[in-house]
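Below you'll find the structure, written out as structure tokens, and then a few comments.
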Amino acid sequence: MNAITRPTEAATTAPSEAPSEAPSAVPSGTPSGTPSGTPSPAVDPRLDLAAAVSLAGRTLAAVRADQYDAPTPCEEFDVRRLSSHLVAVLRRIAVIGRGEAPFSVPSFADELADGEWEAAWEAASSEVAQVWADPEILGRTLQLPAGPMPGAAAAAAYTNELTVHTWDLATATGQRPAWDPALLERVLSVVRRTLPAGTRGGRVPYGEVVAVDADAPAIDRLVGWAGRRP
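Note that my numbering has the sequence shown beginning at 403, numbered continuously upward.
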């Protein structure tokens, strides 16, 4: 089985140092194809998912111990709770890729203590890499908390969630990730179709759209669409 190549990623920098890179969400190599009957996308959505996983992992690894109690733009989470949720989300990405129920994974990794986030992230990232290496996953119907969707759409949905929460975490801890504008534009094009304004609440875990200038950086427009104020 061939795996897929992860694009070169920009580093995220903490105020004092850059953390080591987390494992890729998908192994490196060249894609062997897309599912029968499925058009080849301009960019394999697993590539963007891999980049989002890696950037989130590096951001998580750069959090200092004295920052765990800090508030985040995601109002119900402090840094500790957001870190716990991020690990849980990554575990869920692996579980749904195996065709299992999304709610078999709790929404928070409550068993982890402060300082255990990075190791847990690396373990979950390796599992995601293994599960999502098969290109046929893009055409399978996967069960997400919001309902069933094709694997390609699921990859885009989780790229969005990880990216928005990475912004939450970076904002709360004073980090300055170097976002990939092309990736962000692809995510925006998807979420504007799948999460239109006025469809918030219930199973949609985002606030109402915040107006952001059309010429604002892509990350500002993305988090504004998710209900954050950049």
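Glycine is no exception: its CB is placed at the ideal position from the N, C-alpha and C atoms.
By a C-beta neighbour count over all protein chains shown, 10 Å radius and 16 as the cutoff for buried, is Glu477 buried or exposed? Exposed is the call here.
Just to confirm before moving on: does the CB-CB distance between Leu488 and Leu564 stay below 9 angstroms? Yes.
6 angstroms Cβ shell around Ser486 - same chain, five flanking residues per side excluded: Here the set comprises Phe510 and Ala511.
For Gln545, write down the residues that DSSP places opposite it in a beta bridge. BP columns for Gln545 point to Pro550.
Any idea if Thr543 is buried or exposed, counting beta-carbon neighbours within 10 angstroms, 16 or more meaning buried? Thr543 comes out exposed.
Helix, strand or coil, according to DSSP, for Pro598 in the structure here? It is coil, neither helix nor strand.
Classify Glu400: buried if its beta carbon has 16 or more other beta carbons within 10 angstroms, exposed otherwise. Residue 400 lies beyond the residue range present for the chain, which begins at 403 and ends at 632; the question has no answer from this structure.
Run the CB neighbour count on Ser456, radius 10 Å, all protein chains shown included, and call it buried at 16 or more, exposed below. Under this definition Ser456 is a buried residue.
CB of Leu540 within 9 angstroms of CB of Ala557, strictly: Yes, the pair counts as a contact, with Cβ atoms nearer than the cut-off.
Does the region 460 to 468 come into contact with the region 589 to 596, if we say contact requires no fewer than three beta-carbon pairs (one atom in each stretch) closer than 8 angstroms? Taking 8 angstroms as the limit for Cβ pairs, the verdict is that the region 589 to 596 does not touch the region 460 to 468.
According to DSSP, is Arg623 helix, strand or coil? In the structure shown, Arg623 sits in a helix (DSSP, three-state: H, G or I).
Quick check on this structure: which residue in Asp615, Gly553, Trp569 and Thr561 has the alpha carbon closest to the alpha carbon of Gly501? Answer by Cα proximity: Gly553.
N-terminal and C-terminal residue of the alpha helix (DSSP H) that Leu488 is part of: For Leu488, the enclosing alpha helix (DSSP H) begins and ends at Val481 to Gly499.
Assign Asp582 to buried or exposed, taking buried as 16 or more other Cβ atoms, counted over all protein chains shown, within 10 Å of its Cβ. Buried is the call here.
Beta-carbon proximity check, Ala452 vs Ala531, cutoff 9 angstroms: In this structure, Ala452 lies near Ala531, with their beta-carbon atoms less than 9 angstroms apart.
Bounding residues of the alpha helix (DSSP H) (the contiguous stretch that carries Leu457): Element bounds for Leu457: Pro447 to Ala463.
Could you name the residues of the same chain whose beta carbon sits closer than 6 angstroms to that of Pro547, not counting the 5 residues immediately before and after it, in chain order? Pro504.
C-beta contact flag for Val399 and Asp450 at 9 angstroms: No answer is possible for residue 399: the residues shown for the chain start at 403 and end at 632.
Flag this pair as yes or no: are the beta carbons of Val481 and Pro473 separated by less than 9 angstroms? Yes. Within cutoff.
Measure how close the beta-carbons of Tyr608 and Gly626 come, nearest whole angstrom, since I'm counting them as under 8 angstroms. By a beta-carbon distance limit of 8 angstroms, Tyr608 does not contact Gly626. Their separation comes to about 10 angstroms.
Taking the alpha helix (DSSP H) that Ser528 belongs to, which residues open and close that run? That run of the alpha helix (DSSP H) goes Trp519 to Val533.
Assuming Ala490 and Val507 form a contact by the criterion Cβ under 8 angstroms, report the distance between their Cβ atoms to the nearest whole angstrom. With a beta-carbon spacing of about 6 angstroms, Ala490 and Val507 fall inside the 8 angstroms limit used to define contacts.
Closest by C-alpha distance to Ala454, when choosing among Pro619, Asn562 and Ile498: When only C-alpha atoms are compared, the closest one is Asn562.
Between the Cα of Asp468 and those of Gly576, Leu597 and Pro632, spot the shortest distance and give me the residue it belongs to. Distance from the Cα of Asp468 is smallest, within the candidate group Gly576, Leu597 and Pro632, for Gly576.
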